[in-house]
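Scroll down for the structure; my scribbles are underneath it.
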Amino acid sequence: GDSVTQMEGPVTLSEEACLTINCTYTATGYPSLFWYVQYPGEGLQLLLKATKADDKGSNKGFEATYRKETTSFHLEKGSVQVSDSAVYFCALSDLRGAQKLVFGQGTRLTINP
Amino acid sequence: EAGVAQSPRYKIIEKRQSVAFWCNPISGHATLYWYQQILGQGPKLLIQFQNNGVVDDSQLPKDRFSAERLKGVDSTLKIQPAKLEDSAVYLCASSLGGTGVFNEQFFGPGTRLTVL
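Chains as they are written, first to last, in the working numbering: chain A, 2 to 114; chain B, 3 to 118.
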């Protein structure tokens, strides 16, 4: 079945550092790809999405590019802030079907001032 | 606009007891999802409703878990009897529904279940 693999965490960085969280996927068909974020004490929120190969999703300074050739959707940010501390989940969904989300295991990010 | 509501937020029970969770989706959302999130893992879909019909319950442990969505609005998820491995956060999500176009899922705050 479909699956998503994220880089091992947790990740700890200093403020203004560059961030990359790796995500690779296995899927039949043509999935859409997502990054969700869970801030402390809050529910899961959609951060960004890409629905086809070579699409770039972006939001709040974060970016991720749908790479079909490497089956990857790595999350990047050039300069992180303390407020970016959260758990980040990579996920996929087939828009042609029931659109259930298949999630990776999550990566906890902590940004120190 | 009100978000997805869930209750209770926390529940502690003994193994073999029963428990029920409630979810109220965003008004007008036809599709409702229940996910189970075990500590250190990503959420896993348990069951998906389209209005009051079940779309996917392939990963629902039907010997102990049940769910219903009366009148296509609120939903309840029940575990009877609970096992230690059911300790998790149970997330409810809703979306407008439909296929072929992206429908964002909006998540509730979750119910954290601890089975002792």
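Ideal Cβ positions, reconstructed from N, Cα and C, are used throughout, including at glycine.
Remember, it's a predicted structure, so these values are computed and weren't measured experimentally.
Here's a check: name, in chain order, each residue in its chain whose Cβ is nearer than 8 Å to the Cβ of residue i, leaving out the five neighbours to either side.
{"i": "A/Asn60", "result": "Leu48 and Leu49"}
{"i": "B/Gly30", "result": "Leu98"}
{"i": "B/Arg11", "result": "Pro111, Gly112, Thr113 and Arg114"}
{"i": "B/Asn2", "result": "Since the first residue of chain B shown is 3 and the last is 118, residue 2 of chain B is not available in this structure."}
{"i": "B/Gly5", "result": "Ile28, Phe108 and Gly110"}
In chain order, what residues of the same chain lie with their CB nearer than 7 Å to the CB of residue i, ignoring the 5 residues before and after it?
{"i": "B/Tyr92", "result": "Phe23, Trp36, Gln38, Leu79, Gly112, Thr113 and Leu115"}
{"i": "A/Tyr67", "result": "Leu34, Ala51, Lys53, Ala54, Asp55, Asp56 and Phe74"}
{"i": "A/Thr25", "result": "Thr6, Thr72 and Ser73"}
{"i": "B/Asp88", "result": "Ile81, Leu115 and Val117"}
{"i": "B/Arg71", "result": "Leu34, Phe51, Asn54 and Ser77"}
Would you say residue i and residue j are within 7 Å of each other, going by their C-beta atoms?
{"i": "B/Gln107", "j": "B/Ala95", "result": "yes"}
{"i": "A/Ala87", "j": "A/Tyr40", "result": "yes"}
{"i": "B/Ser60", "j": "B/Cys25", "result": "no"}
{"i": "A/Asp95", "j": "A/Gly30", "result": "yes"}
{"i": "A/Phe90", "j": "A/Gly62", "result": "no"}
{"i": "A/Ser4", "j": "A/Thr27", "result": "yes"}
{"i": "A/Ala99", "j": "B/Asp65", "result": "no"}
Where residue i and residue j are concerned, what is the direct C-alpha to C-alpha distance, given to the nearest angstrom?
{"i": "B/Ala84", "j": "B/Leu34", "result": "23 Å"}
{"i": "B/Ser9", "j": "A/Glu70", "result": "43 Å"}
{"i": "B/Gly110", "j": "A/Leu14", "result": "29 Å"}
{"i": "A/Ile112", "j": "A/Phe104", "result": "23 Å"}
{"i": "B/Lys13", "j": "A/Glu16", "result": "37 Å"}
{"i": "B/Val56", "j": "A/Cys19", "result": "44 Å"}
{"i": "A/Leu102", "j": "A/Pro114", "result": "34 Å"}
{"i": "A/Phe2", "j": "A/Gln46", "result": "It is Gly, not Phe, that sits at residue 2 of chain A in the sequence shown. For A/Gly2 and A/Gln46, the distance between alpha carbons rounds to 25 Å."}
{"i": "A/Ala65", "j": "B/Pro45", "result": "21 Å"}
{"i": "B/Leu86", "j": "B/Arg18", "result": "9 Å"}
{"i": "A/Glu9", "j": "A/Leu93", "result": "18 Å"}
{"i": "B/Val21", "j": "B/Gly42", "result": "23 Å"}
{"i": "B/Leu48", "j": "A/Asn23", "result": "26 Å"}
{"i": "A/Glu43", "j": "B/Leu62", "result": "25 Å"}
Taking only beta-carbon positions, decide if residue i is within less than 7 Å of chain B.
{"i": "A/Phe90", "result": "yes"}
{"i": "A/Leu93", "result": "no"}
{"i": "A/Ala99", "result": "yes"}
{"i": "A/Gly30", "result": "no"}
{"i": "A/Leu110", "result": "no"}
{"i": "A/Gly107", "result": "yes"}
{"i": "A/Leu20", "result": "no"}
{"i": "A/Leu76", "result": "no"}
{"i": "A/Leu45", "result": "yes"}
For residue i, which residues in chain C fall below 8 Å Cβ to Cβ?
{"i": "B/Val103", "result": "The chain inventory of the structure shown lacks chain C, comprising the protein chains A and B."}
If we cut at 7 Å on Cβ distances, does residue i have a partner in chain A?
{"i": "B/Leu47", "result": "yes"}
{"i": "B/Phe67", "result": "no"}
{"i": "B/Gly110", "result": "yes"}
{"i": "B/Asp58", "result": "yes"}
{"i": "B/Gly30", "result": "no"}
Within a Cβ cutoff of 6 Å, which residues of the same chain sit near residue i, ignoring the five residues on either side of it in sequence?
{"i": "B/Phe67", "result": "Ile81"}
{"i": "B/Asn53", "result": "Ala32 and Gly74"}
{"i": "A/Ser80", "result": "Glu17"}
{"i": "B/Ile40", "result": "Ala90"}
{"i": "A/Pro11", "result": "Arg109"}
{"i": "B/Glu16", "result": "Leu118"}
Exercise. Whole beta strand (DSSP E) runs in the region 7-49 of chain A with 3 or more residues, listed along the chain?
Worked result: Whole beta strand (DSSP E) segments, 3+ residues: 12-15, 20-22, 24-27 and 33-39.
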